[in-house]
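Just below is one structure, and these are the notes that go with it.
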Amino acid sequence: MAAVLKKRALAEYSTQVLEQQPPVKKLKCLVKLSALTTGATLSLVNTINGRKTPNDVVQILLQILEQLQFQDSDISNILIKLSEHFKLQSDSTVKILIFSVLSAIGSSDETSEDNVYKIVEEIFTLMKDVKSQKIKTSGLKTLLALGKRMNHDMDLHLKLTNYAKKTLGDYRPNITCESLEVIGELMPVKIPEDGLEIHSEMLKLIGSYTQHYNAKTRSNAFNTMVRLHDRGIRLNPAVYLDVCSVINDDNEMVREAALNVISVLGNYYPEERIKGSNGEEMARMSDEAFENICNFMTDISYRIRTQAAKLLGSFLSVSTNVLLKTLDQTLMSNLRRKRTSIERVWECLAKGTAMMSALSTKDTPQEMLDAQQVSLVSTGASGAYLHGLEDEFLEVRIATISSMCSLATRHSEFAVIAMEFLVDMFNDEIEEVRLIAIESLVKLSYASGLRDDQVEIILAVIEDSSSVVREGLHNIFASFELLNQEGLMMCTNRLIESLKKYPEDKKSIWNCMKNLGLRHPTLTLALVPELLAIHPMFETPEPNVEEPSYVSVLILVFNAASKCNSIISLLEDKTIKHYSYLRDIMPHLVPSLQLGGRLSISQVELRPTESDSPKSLELLESLINQVSVVKGSTKVKISLLETFYHNLIRLAQLDQSVNGTAELSALYMHSQLLLNKVLNNNNKTFYSNAVSTHQANNVRTNISQLLQNTLKMQYLFVGLSVQELASIKQFKLKVIALLLVYIVNATNQSARTLSHYFLTQLEDTMKYISEHDLQLESFTSVVFKELSQLEESKPGIVAKLLLPILQSSEPTPPPKPNTNIKMCKVVINRPQGGPDTTHKLSAGLILPIPLNAELYSLQTESLSLLRLKIKYPDQQTHLIMPPRNHLRLVNLSNESYYLLDTNALISHRSEWSEACFVELSLAFDLTETEGALAHVLPPTQPCIVDLCKPVKLKVHPKPVRRGM
13 MAAVLKKRAL AEYSTQVLEQ QPPVKKLKCL VKLSALTTGA TLSLVNTING
63 RKTPNDVVQI LLQILEQLQF QDSDISNILI KLSEHFKLQS DSTVKILIFS
113 VLSAIGSSDE TSEDNVYKIV EEIFTLMKDV KSQKIKTSGL KTLLALGKRM
163 NHDMDLHLKL TNYAKKTLGD YRPNITCESL EVIGELMPVK IPEDGLEIHS
213 EMLKLIGSYT QHYNAKTRSN AFNTMVRLHD RGIRLNPAVY LDVCSVINDD
263 NEMVREAALN VISVLGNYYP EERIKGSNGE EMARMSDEAF ENICNFMTDI
313 SYRIRTQAAK LLGSFLSVST NVLLKTLDQT LMSNLRRKRT SIERVWECLA
363 KGTAMMSALS TKDTPQEMLD AQQVSLVSTG ASGAYLHGLE DEFLEVRIAT
413 ISSMCSLATR HSEFAVIAME FLVDMFNDEI EEVRLIAIES LVKLSYASGL
463 RDDQVEIILA VIEDSSSVVR EGLHNIFASF ELLNQEGLMM CTNRLIESLK
513 KYPEDKKSIW NCMKNLGLRH PTLTLALVPE LLAIHPMFET PEPNVEEPSY
563 VSVLILVFNA ASKCNSIISL LEDKTIKHYS YLRDIMPHLV PSLQLGGRLS
613 ISQVELRPTE SDSPKSLELL ESLINQVSVV KGSTKVKISL LETFYHNLIR
663 LAQLDQSVNG TAELSALYMH SQLLLNKVLN NNNKTFYSNA VSTHQANNVR
713 TNISQLLQNT LKMQYLFVGL SVQELASIKQ FKLKVIALLL VYIVNATNQS
763 ARTLSHYFLT QLEDTMKYIS EHDLQLESFT SVVFKELSQL EESKPGIVAK
813 LLLPILQSSE PTPPPKPNTN IKMCKVVINR PQGGPDTTHK LSAGLILPIP
863 LNAELYSLQT ESLSLLRLKI KYPDQQTHLI MPPRNHLRLV NLSNESYYLL
913 DTNALISHRS EWSEACFVEL SLAFDLTETE GALAHVLPPT QPCIVDLCKP
963 VKLKVHPKPV RRGM
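The opening position of the sequence shown corresponds to residue 13 in our numbering, with each subsequent residue numbered one higher.
This is the structure:
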């Protein structure tokens, strides 16, 4: 007793000493100023006069660019000062930086249009005496930036393009290229009718630079033509022949730009009739451009081949006969039509050649043949896609497959032939190529069914090591129609074999079986006795309905039976029983069948009906309404909460349609029960440190669990409405207030960070509620009112104010039911865990454990929070962020989820005397987002929210073996 009194006396004395001390002087945050003042730029410009060396001036100009802060009224003085320095300085770096500063100022939103015009005029003045290529190029870039800033001023753009037109005559390539870019970006599209010839003259001028001696200039000229066409200044179709004359340029960059021009012309003028490349007959421009680009599928540069393949996919209006040539394997002479002898004679007469000499050319001796006139290799469109599919670079193969797919979706005849070659690409050594081929083939399912030979090729890679490839192959069988029973039986057997080897593919294979049954009811009818092992004379043993391979067959048969009633008569009674069971546990895979009187009354009652979901929702609403309208003491409400909590847990397990909202309501009620347990009037352990260790640990555990529940409600549920999120935020405030009171009164920890966090959360919550015009709960309203009257917000004062408010607060009902709410859940398919298998490793080394997990209702924003949680027997916990490319989105017909396929890296520095269990699970790491709650209750980790139950692996690190 004396010790307690002494402690109280010391506490009171220390309090009096603190009150007598003068108030602590508030500290100011010393932050490096990013912008000095409003006129910082002008002040820095004025300091340039005192700098003697160009390096000092450069440093000031760089500082101006980093700390650009000015008023519009300062721009005139800044412009005058910079112009003077530009004329006085001889260093090119300084002049380039001055142009950069002017560009930054003119591009700023704070600069008025009048000042932008002044800057442009000043740059024109400064550029008159500039001779340096670098400085002149920098000036043109500045003019381009200012022109984009004034994108509505046609007169300014015309003035800038006229200036760029003058600088085009410069012999230096960099200046010419920058001038072309200015013209391409700023040439006015809408001009008066009397000035329409400006466009044609400018295009003609740009076209002349496609013959420039510099390759970069030629490339920029082609790019400018494409840019002008995209902006609305259409190219003349007559340009096509001029571009074709220079398309075989030695420079790769020029060929790439010229291909873009040909693609633009071919797509914009598809029906324009032009002379073919052989000069013999008129052809559609779309077909001619397509064949010209096909020639570049054998270019020496893989970049050109890749671009050519991509451009081919944009020719949606190409003729079918030309398109079919791309998959022709025969050698042709550019697929030209052979001219008759009469046509050859008329051509010779037109050229002034004697008729006899023309006719004698039919029998020209071999020694007199011109080697250039004989074509031994297929050119033009012939075999273009075949070259792309057999290219050594994966970029070319991927672009070719994508291009074929985009054209095949528009041309069904081409799609049938393309399927042959896409199936062959399943044997490519690169996984990415195989995936693109699989995705492309799925898009062509409308064109034709799969033949037996094609099914065999696909099934040859059905056991690929990549789960993504296997799933893609399942999608192929789910999308296509098979032509006969042999193909269906072969496909079913191989899928079952694959399921035994890769159990994690269960969902994908079951979805494939479902679609196979729906697409092939007639073929399945003939295979039912073989699939279900039905003997006409003897009764076969009843298979295990939990066996995945048997379930796969049943899914196939039942879905086929929904389209063909004749199958039902072939089913045995045991199969009907299995149907009733599977219909209950997986209604999304097993359809509803009209079985007549073959089901018993008990089985019919167990089967869910379409009206179950509304009834479940009504039950959930009635439970929550009873909680919200009940009157009486707090004990009565608590007893009701306990009853309703257990009912909600059961309801969430029974009906998946209301699972998310029932889980949220149950978690909310459980949190209310925990909160009341801590706030019990007879229990002062949460605000007193004069308690036993056991009591303190219980309070700490309960508060930690409360924090976890609150974070689960905030981060694990998707589809929350504004009202529901507001309720969760206000309940979170109540939990943080309880934690603050506990830390201040029952521990020796500093509560300054937590107090600041509580006030921040209160401010954010009030702002959120006011923005959405919602009603405040009584606790939030009282806390905000009381805290707003405080002059100081020290942790002790805040905790002292919160304590009576917490003790008088009443349980609040959970939010109203919302069927859009889904809870994030994780199912770990692999590893299975258990004591049967022991994973051995050398101490200090790493043991990779393959992990395959399905993540449902996971938001894209939450992907960065996902962690792989590994807990060792010595209570060490490692959190590992899985690589983003190991996580992919799976879209099935009835649902979508993320699939994580990675390796869990297990390691321990010391050897163990015996094998122990290591817990492996997935969790959210909220340490960054909820940092103030991360370390307030050691050793608990409230910011680590588990997503699933851990899988226990038996691991035994052994001593490292030393070498001989």
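Just so it is clear, CB atoms sit at the ideal spot from N, CA and C, and this is done for glycine as well.
Your pair I312 and L324 does not check out as a contact, with CB atoms roughly 18 Å apart and the cut at 8 Å.
As summarised for the region 660–685, there are no continuous beta strand (DSSP E) elements at least 3 residues long confined to that stretch. Residue pairing of V711 in beta bridges, as defined by DSSP: absent, with no partner found. CA-CA distance, I892 to K834, rounds to 26 Å. Close CB contacts of L74 within its chain, under the 8 Å cut and outside five residues either way in sequence, are with L109 (chain order). When C-alpha distances from K202 are compared across D84, H164, I748, the shortest belongs to H164. Between M502 and L471, the CB-CB gap stays under 8 Å. Secondary structure note for I312: it is in no beta strand (DSSP E), with a DSSP letter that is neither H nor E. It is roughly 10 Å from the alpha-carbon of T850 to the alpha-carbon of E926. Counting C-beta pairs closer than 8 Å gives fewer than three between the region 811–820 and the region 837–846, which falls short of the contact rule. Check the Cα spacing between H784 and each of I76, S739, E493, L54: the tightest is with S739. The C-alpha of D84 lies about 8 Å from the C-alpha of N127.
The DSSP-derived three-state label of F929 is strand. Shortest Cα-Cα distance from E134 to any of L945, M437, P895, L94 involves L94. DSSP places K837 within a strand segment (E or B) once states are collapsed to three. Contact between the region 171–182 and the region 148–157 is present: three or more C-beta pairs spanning the two stretches fall below 8 Å. Around the beta carbon of G118, 16 or more other beta carbons lie within 10 angstroms, which makes this residue buried. DSSP places I861 in the uninterrupted beta strand (DSSP E) bounded by 859–868. Membership of S102 in any beta strand (DSSP E) is not indicated, and neither H nor E is assigned to it by DSSP. When the Cα atoms are used, N307 and I60 turn out to be separated by approximately 59 Å. The straight-line gap separating the alpha-carbon atoms of L495 and E558 is approximately 31 Å. The three-state reading of DSSP puts R463 in coil, since its state is none of H, G, I, E or B. Shown here, G846 sits in a strand according to DSSP, grouped into three states. Ranked by Cα distance from K337, the options K828, N832, I429 are led by I429.
A contact is defined here as three or more CB-CB pairs under 8 Å, and the region 415–422 meets this definition with respect to the region 451–462.
At a Cβ-Cβ threshold of 8 Å, L582 and I546 count as neighbours. In the structure shown, the three-state DSSP call for S578 is helix. Pairwise C-beta distances place the region 773–782 in contact with the region 737–757, as three or more of them are shorter than 8 Å. A distance below 7 Å between beta-carbons, with the five flanking residues on each side excluded, links E190 to the following residues of its chain, in chain order: T149, L152, K153. Here the alpha carbons of N671 and N505 stand approximately 36 Å from one another. Membership of R900 in the beta strand (DSSP E) is indicated by the continuous run 899–903. A straight line joining the alpha-carbon of V948 with that of Q801 spans about 28 Å.
Cβ neighbours of H590 within its own chain (closer than 7 Å, five residues either side excluded): V557, L566. Bridge pairing for S854: K970 [DSSP].
Boundaries of the alpha helix (DSSP H) around R409: 406–420. A contact between stretches requires three or more CB pairs, one per stretch, nearer than 8 Å, and the region 264–271 fails this requirement with the region 243–252.
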